[in-house]
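Peer 1:
Following this line, the structure appears as structure tokens:
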């Protein structure tokens, strides 16, 4: 497998970390398989390739960090029955990943314009997330979330309502705590003033 070609052709933003020992770690979305892939160079310079989740599809907009033990931690978005949901994953060993759902709005979903938005590649790559691991091993995640009321697609009108937020998620004592930052100032405003505006700004 030519990993560099896969990353270049993935169709979504990959992420890379270089460990203190010089090893390279990459996470990306493989479009054909529709899965999120973790790859790294072993001691012989050979790329090793693993699935974060063998069973479920998707994994677009992935972001990765390494902790003090060079263990990769990843946040990514998955199409969960038509609603985008953020997932947190960390590696226990070769081909052994723990994947957790970040709890949130099960109707509107996290990181996507709600269930009435088309989950297509061009939309998947518009959203962002970031992750860091604190000294005590606690994951800190921030990601973009957006929703719209019914009727905003496919045509945005002056009565269309939408909201954009940044969400912070952290895990304390085994429980996820999820808190939104304050709403942006244009909450519940129309999507645009032109005669045929683009449905929503790109996130």
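Numbering (this note's numbering), first residue to last: 1101 to 1303.
The beta carbon of each residue, even a glycine, is placed where N, CA and C say it ideally should be.
1) Please name the residue or residues paired with residue 1175 in a DSSP beta bridge.
2) Does the Cβ of residue 1137 have 16 or more other Cβ atoms within 10 Å, making it buried, or fewer, making it exposed?
3) Which stretch, first to last residue, makes up the beta strand (DSSP E) that contains residue 1117?
4) Starting from the Cα of residue 1280, find the closest Cα among 1272, 1135, 1245 and give me that residue.
5) Okay, do the region 1158-1174 and the region 1112-1130 touch, 3+ Cβ pairs below 8 Å being the bar?
6) How many whole angstroms separate the CB atoms of residue 1139 and residue 1147, which I take to be in contact at a CB cut-off of 8 Å?
7) CB residue 1268 to CB residue 1231, shorter than 9 Å?
8) Under a Cβ-count criterion, where at least 16 other Cβ atoms within 10 Å of its own Cβ denotes burial, should residue 1102 be classed as buried or exposed?
9) For a test of the three-state rule: what should DSSP assign to residue 1103, helix, strand or coil?
10) Is the CB-CB distance between residue 1186 and residue 1202 below 9 Å?
11) Roughly how many angstroms lie between the CA atoms of residue 1168 and residue 1125, to the nearest whole one?
12) Just mark residue 1155 as buried or exposed, buried being the case when its beta carbon has 16 or more other beta carbons within 10 Å.
13) Buried or exposed: which applies to residue 1204, given that a residue is buried once 16 or more other Cβ atoms fall within 10 Å of its Cβ?
14) Taking 7 Å as the limit between beta carbons, can you name the residues of its chain near residue 1107, skipping five residues before and five after?
15) Quick one: Cα of residue 1118 to Cα of residue 1178, how far?
16) So the beta strand (DSSP E) residue 1230 belongs to, where does it begin and stop?
17) Tell me which same chain residues have a C-beta within less than 7 Å of the C-beta of residue 1271, skipping the five on either side of it?
18) Excluding sequence positions up to five away, which residues of its chain have a Cβ less than 6 Å from the Cβ of residue 1217?
Peer 2: In this structure, then:
1) 1163, 1188
2) buried
3) 1115-1118
4) 1245
5) yes
6) 5 Å
7) no
8) exposed
9) helix
10) yes
11) 14 Å
12) exposed
13) buried
14) 1114, 1126, 1128
15) 25 Å
16) 1229-1233
17) 1238, 1239
18) For residue 1217, the predicted model reports a pLDDT of 48, less than 50, meaning its position is unreliable; a value from the coordinates is still stated below. Taken in chain order, the list of residues that qualify is empty.
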